[in-house]
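Below: the structure, in structure tokens.
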Amino acid sequence: MNIKGKWSLITGASSGIGEQFARQLAKKGSHLVLVARSKGKLDALAAELTRSHGIQCRVIPQDLSLQGAAGELYQTCQQLGLSIDLLINNAGFATHGLFEQVSGERQHDEVMLNVAAVVDMTHLFLPAMLHNGSGAVINVSSTAGFQPLPYMAVYGATKAFVLSFTDALYWENRDRGVQFFALCPGSTETDFFNVVGTEDASVGGAKDSPERVVAITLRAMARGKQYIVPGFRNYLGAQISRFMTRRQSLRLVGSMLRPAPKEHNGQPS
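Those letters in the sequence shown? Residues 1179 to 1447, by my numbering.
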């Protein structure tokens, strides 16, 4: 789709992959609706992109992990008279550690943001795209969506949901004018691990840049692709579980993600 002069809505737009979507779409002439909790960061980004590219930006601070938040966001767009042509469900976060030791409230919010908000946002904004016979939805999954993740059990499950959900809607809408696309990045230079609270969850190797991830995504979408795993090593890692038993895959991933032993008085516990 030609995005110039059309409206793109990006969740999690204040940093990382979301910010890069904003920057690269603004460069293509897209107007932007920027959504995240951090109003200050969104205001600064909106001012910069408006000044640099002559586009329109609307900032909507919203915590999409809250019940009913997607509906409030949709109503705000309606009140502003915004017709969204490209929806990018990027907001999400991860937790790391033994399942029963991670805050239950935190994991609940993780499911609400990574899964419920994606479903709600898509359900709210898709009908208008179908009515217009055009539009696109990018859902940000992860290489984590291709296999279970011991010690990041909830995160892996949420991203598997996003990938499955997006694939299904891709098929449902393939002849209806709306494109669905799943982005499945590996380790990327974002605030991801700061939010997780540990570098232990980095599955080795150099991290990709958000700039490269988004550029690859937009090119793949232009070619009509269904999903993308940026980076050859990431692609191989995502596919390796197809050639292993589930137990072998769990052993491999579990060894990578096992939390480091905590130290007490300089000694491992």
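Every residue gets a Cβ at the ideal spot worked out from N, C-alpha and C, and that includes glycine. Note that the structure is a prediction, hence the values are computed from the model and not measured.
CB-CB length for residue i against residue j, believed under 8 Å
| i | j | result |
| --- | --- | --- |
| Asn-1292 | Lys-1219 | 21 Å between Cβ atoms; not a contact. |
| Ile-1195 | Val-1391 | 6 Å |
| Pro-1408 | Pro-1363 | 6 Å |
| Ser-1419 | Phe-1324 | 6 Å |
| Leu-1264 | Val-1237 | About 17 Å; that fails the 8 Å criterion. |
| Phe-1252 | Leu-1302 | It is Tyr, not Phe, that sits at residue 1252 in the sequence shown. The pair is a contact, with the Cβ atoms about 4 Å apart (cut-off 8 Å). |
Residue i (DSSP reduced to helix, strand or coil)
| i | result |
| --- | --- |
| Ser-1142 | Here the chain has residues from 1179 to 1447 only, and residue 1142 is not among them. |
| Ser-1342 | helix |
| Ser-1230 | helix |
| Arg-1295 | The sequence shown places Ala at residue 1295, rather than the Arg named in the question. DSSP places Ala-1295 in helix when its eight states are reduced to three. |
| Phe-1359 | strand |
| Leu-1428 | helix |
| Asn-1267 | strand |
| Thr-1457 | Lying outside 1179 to 1447, the shown extent of the chain, residue 1457 is not represented and no answer is given. |
| Ala-1438 | coil |
Where residue i falls, given that 16 or more other Cβ within 10 Å makes a residue buried
| i | result |
| --- | --- |
| Lys-1205 | exposed |
| Arg-1201 | buried |
| Lys-1184 | buried |
| Leu-1242 | buried |
| Asn-1310 | exposed |
| Leu-1187 | buried |
| Ser-1192 | buried |
| His-1209 | buried |
| Asn-1267 | buried |
| Phe-1410 | exposed |
| Asn-1180 | exposed |
| Thr-1366 | buried |
| task | Jot down the residue ranges of each uninterrupted alpha helix (DSSP H) in the stretch 1274-1335, minimum 4 residues, whole runs only, in chain order. | result | Secondary structure in the stretch 1274-1335: the alpha helix (DSSP H) runs of 4 residues or longer, each lying completely within the stretch, are 1282-1289, 1295-1310 in chain order.
| request: Would you check if the stretch 1211-1228 and the stretch 1271-1289 touch, i.e. whether three or more CB-CB distances between them fall below 8 Å? | output: Verdict: no, contact absent.
| task | At 4 residues or longer, and completely inside the stretch 1180-1258: list those alpha helix (DSSP H) runs for me, N to C. | result | Segments of the alpha helix (DSSP H) lying fully in the stretch 1180-1258: 1194-1205, 1217-1231, 1247-1257.
| Does the count of Cβ pairs from the stretch 1393-1413 and the stretch 1355-1362 closer than 8 Å reach three? | Enough Cβ pairs lie closer than 8 Å, so yes.
| request: Assess, as a yes-or-no matter, whether the stretch 1420-1440 is touched by the stretch 1321-1334 under the definition of 3 or more beta carbon pairs within less than 8 Å. | output: In short, these stretches touch, since the Cβ pair count reaches three.
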